[in-house]
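Working notes, structure below.
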Ligand SMILES: C[S@@+](CC[C@H](N)C(=O)[O-])C[C@H]1O[C@@H](n2cnc3c(N)ncnc32)[C@H](O)[C@@H]1O
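In the numbering used here, the protein residues as written are 1 to 220.
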């Protein structure tokens, strides 16, 4: 297999992601390789993000390889985010990125029939808003698609984040499976088990010698 050309086609260089993961800071940065790996593994074509920042640059780096697009929303203006987070500068040039300087509830209201393979929630930390975000986005998540929610085990905010997440799932009426990565404030991994009009995950990753595996709903 030819080596991947990493420097010219990537929003964030591999070394930058790695340095962020290894940094002393322990927040979403520790999950950057997870974000990259999940977006790449799903061969994500459409990703939605509540709260833009370093995570946007990481996701766009994976989407350069999968050919997908990222839709992000944030209350902060893009130029202010870029001033604070230099790794976003290159991302602003990417045709793969749609940034909405709008509250999540306004963006959700205008989503119409869009379907996503992957969603990252790292936006509002108010439980009512989290519940509204989760209830609003789950109908747009493809079957076997993943919703990642940060801070569900954060020492101060974790309980409210979990309450918002569970309320959002309940309101959506969708059947999901779930776990959480128990470090760096916790990253919930919620998998959509229900078939939905939004379609189903289509990843090409399987052994070349066998037919593609069909995802099976959990619990088995
Ligand atoms: C923890 S920071 C985002 C971090 C980002 N994922 C990163 O990797 O740097 C949370 C962001 O969510 C945004 N935010 C909070 N409430 C929001 C809402 N209701 N709609 C959209 N963005 C929101 C804030 O402006 C803030 O920039």
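All residues carry an ideal CB built from backbone N, CA and C; glycine is no exception.
Could you check what DSSP says for residue 18 in three-state terms: helix, strand or coil? Helix.
In angstroms, rounded to a whole number, what distance separates the CA positions of residue 12 and residue 140? Cα to Cα, the separation comes out at about 28 Å.
Could you tell me the boundaries of the alpha helix (DSSP H) in which residue 130 lies? Looking at the DSSP string, the run of the alpha helix (DSSP H) that includes residue 130 is 127-137.
Measure the beta-carbon distance from residue 143 to residue 195 and round it to whole angstroms, keeping in mind my assumption that it falls under 8 Å. Between residue 143 and residue 195, the beta carbon gap of about 5 Å places them in contact (Cβ cut-off 8 Å).
Is residue 95 near residue 50, with beta carbons less than 8 Å apart? The Cβ atoms of residue 95 and residue 50 lie no closer than 8 Å to each other.
Determine the direct distance from the alpha carbon of residue 59 to that of residue 46, and round the result to whole angstroms. About 11 Å.
Excluding the 5 residues flanking residue 41 on each side, which residues of the same chain have their C-beta closer than 7 Å to its C-beta? The answer, listed in chain order, is 203, 205.
Could you tell me the distance, in whole angstroms, from the CA atom of residue 17 to the CA atom of residue 35? Approximately 11 Å between the Cα atoms of the pair.
Quick check: residue 99 and residue 75, are their CB atoms within less than 8 Å of each other? No, the pair does not count as a contact, with Cβ atoms beyond the cut-off.
When the distance is taken between beta carbons, is residue 57 closer than 8 Å to residue 87? Here residue 87 is near residue 57, since their CB atoms are less than 8 Å apart.
May I have the straight-line CA-CA distance separating residue 218 from residue 210, to the nearest angstrom? Taking the straight line joining both Cα atoms gives about 23 Å.
Could you name the residues that DSSP lists as bridge partners for residue 189? Paired residue(s): 148, 179.
Thinking just about the alpha-carbon of each residue, which of 73, 21, 27, 128 is nearest to the one in residue 165? Measuring from the Cα of residue 165, the nearest candidate turns out to be 128.
Could you check if residue 155 belongs to the surroundings of ligand 1, using beta carbon to heavy atom distance under 7 Å? No heavy atom of ligand 1 is found nearer than 7 Å to the CB of residue 155.
Output needed for residue 101: all residues of its chain with C-beta closer than 7 Å, excluding positions within five of it in sequence on either side, in chain order. Taking C-beta separations shorter than 7 Å and ignoring five residues to either side along the sequence, the partners of residue 101 in its chain run 74, 77, 78, following chain order.
From residue 108 to residue 215, what does the alpha carbon distance come to, in whole angstroms? Going from the Cα of residue 108 to the Cα of residue 215 covers about 28 Å.
Would you kindly check if the distance between the Cβ of residue 117 and the Cβ of residue 44 is under 8 Å? Cβ atoms of residue 44 and residue 117: closer than 8 Å.
Quick check: what's the CA-CA separation for residue 172 versus residue 148? Taking the straight line joining both Cα atoms gives about 16 Å.
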